[in-house]
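One structure below.
Numbering (our numbering), first residue to last: 229 to 548.
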């Protein structure tokens with residue numbers, strides 16, 4: 229059985245990034261965590277001329293509800309990586325005390341006087357491929373409505389629970405990063421039923437084209453939105469609003485709000501090793517959805533801390 233986490237990149241590839249990531253908002257609302265396992269340019273050893281350009285990297289970022297994010301990135305040699313073969317199932321990525329597989333992830337980092345460790349397990353009911361453009365790249369979501377359990381420890385402070393939090397586990401790959409993109413994932417808890425999730429992505433493509441797509445998992449059913457109409461995409465204010473219609477007649481209106489102290493900014497290295505560019509991420513964002521269907525009552529979904537919004541490149545406009 230194929231899984232959406234299976235490795236795409238060959239270790240001889242000289243230019244490509246591949247990343248497996250986890251975003252979970254804590255069940256008590258205290259904050260959110262972002263973990264990232266990165267393979268970059270394995271055939272050329274990353275970006276050898278840059279101290280941040282190790283071919284294998286593990287990232288951990290803490291987004292406290294009432295404070296500024298704390299980010300940690302540690303690089304490793306390719307020789308120490310234990311990675312499953314291309315297309316192999318089960319999948320695994322292991323480097324030192326860090327690793328991720330189909331249903332769990334763990335880590336142990338010590339950087340700049342800080343120590344962080346995690347041991348998490350997750351399960352979900354919905355997975356899908358949001359974007360697949362061959363060798364250009366893909367965006368896959370093996371766990372869209374992820375339920376997380378386990379423990380995270382940051383400088384002696386422990387976060388532990390079953391469930392510990394809710395969120396997403398994703399898998400992305402590309403020959404290079406796009407010139408711009410906007411991505412969001414939102415998790416909506418329901419007191420008397422299964423959760424709903426929304427994931428949306430917009431990015432530039434060759435020949436001036438723009439990819440736009442969203443996927444809603446609601447009431448145990450997927451709803452595709454292939455033609456989004458963005459009404460606001462504001463990198464400076466860090467908000468994203470859009471509308472769409474699914475083939476099954478569902479009308480969607482979404483507002484993702486990433487303002488506040490949890491906005492995190494960091495440089496991503498280009499895969500051609502010519503420099504870096506800024507990516508903004510708030511993994512403790514807010515989201516509101518309005519769902520309408522003919523001859524059915526309007527539904528509204530909202531989360532205060534269950535969304536993540538990410539933007540790269542400058543593309544600010546408003547049609548409203």
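From the three backbone atoms N, C-alpha and C, an ideal C-beta is built for every residue, glycine too. None of the values given here were measured: they were computed from a predicted structure.
Less than 9 angstroms between the C-beta atoms of residue i and residue j, yes or no?
i: residue 508; j: residue 538; result: yes
i: residue 373; j: residue 354; result: yes
i: residue 511; j: residue 262; result: yes
i: residue 350; j: residue 332; result: yes
i: residue 232; j: residue 247; result: no
i: residue 348; j: residue 379; result: yes
i: residue 316; j: residue 327; result: no
i: residue 426; j: residue 515; result: yes
i: residue 252; j: residue 396; result: yes
i: residue 277; j: residue 490; result: no
i: residue 235; j: residue 334; result: no
i: residue 259; j: residue 533; result: yes
Report all residues from its chain with a CB closer than 7 angstroms to the CB of residue i; omit the five preceding and five following residues, and keep chain order.
i: residue 273; result: 283 and 306
Suppose the cutoff is 6 angstroms on Cβ atoms and the five residues either side in sequence are ignored; what does the same chain contact list for residue i look like?
i: residue 244; result: 237 and 403
i: residue 407; result: 432 and 541
i: residue 381; result: 345
i: residue 322; result: 310
i: residue 239; result: 270
i: residue 479; result: 473 and 520
i: residue 411; result: 429 and 538
i: residue 517; result: 482 and 529
i: residue 546; result: Residue placement at residue 546 is flagged as unreliable, the pLDDT there being 37, under the threshold of 50; the coordinate-derived value follows with that caveat. The answer, listed in chain order, is 460.
DSSP has residue i in a bridge; who is on the other side?
i: residue 467; result: 462 and 485
i: residue 310; result: 322
i: residue 339; result: 342
i: residue 359; result: 367
i: residue 286; result: 265 and 302
i: residue 207; result: Outside the shown range of the chain, which is 229 to 548, sits residue 207, and nothing can be said about it.
i: residue 506; result: 495
i: residue 374; result: 395
i: residue 333; result: 328 and 348
Got a sec? Which residues, its chain only, sit under 8 angstroms from residue i by beta carbon, not counting five neighbours each side?
i: residue 324; result: 304, 308 and 336
i: residue 375; result: 350, 351, 352, 391 and 394
| query | Does the pairing of the segment 445 to 462 with the segment 485 to 505 give three or more beta-carbon distances under 8 angstroms? | reply | Segments in contact, no.
| request: Counting only runs of 3+ residues fully inside the segment 380 to 445, write out the beta strand (DSSP E) ranges in chain order. | output: With a minimum length of 3 residues, the continuous beta strand (DSSP E) runs that stay inside the segment 380 to 445 are 385 to 402, 409 to 418 and 421 to 432.
| task | Count the CB pairs spanning the segment 386 to 397 and the segment 474 to 489 that are closer than 8 angstroms, and state whether there are at least three. | result | By the Cβ rule, the segment 386 to 397 does not count as touching the segment 474 to 489, because fewer than three pairs are nearer than 8 angstroms.
| message | Assess contact between the segment 514 to 533 and the segment 294 to 304, defined as three or more Cβ pairs (one per stretch) separated by less than 8 angstroms. Is contact present? | response | By the Cβ rule, the segment 514 to 533 does not count as touching the segment 294 to 304, because fewer than three pairs are nearer than 8 angstroms.
| request: Spell out a yes or no on whether the segment 405 to 419 and the segment 289 to 300 are touching, meaning 3 or more CB-CB pairs, one atom from each, closer than 8 angstroms. | output: Output reads no: the segment 289 to 300 does not touch the segment 405 to 419.
| Along the chain, which unbroken stretches of the beta strand (DSSP E) at least 3 residues long are found entirely within the segment 510 to 542? | If we require 3 residues or more, the beta strand (DSSP E) runs fully inside the segment 510 to 542 come out as 527 to 540.
| field | Minimum length 3: unbroken beta strand (DSSP E) runs contained in the segment 244 to 268 | value | Runs of the beta strand (DSSP E) inside the segment 244 to 268: 245 to 254 and 259 to 268.
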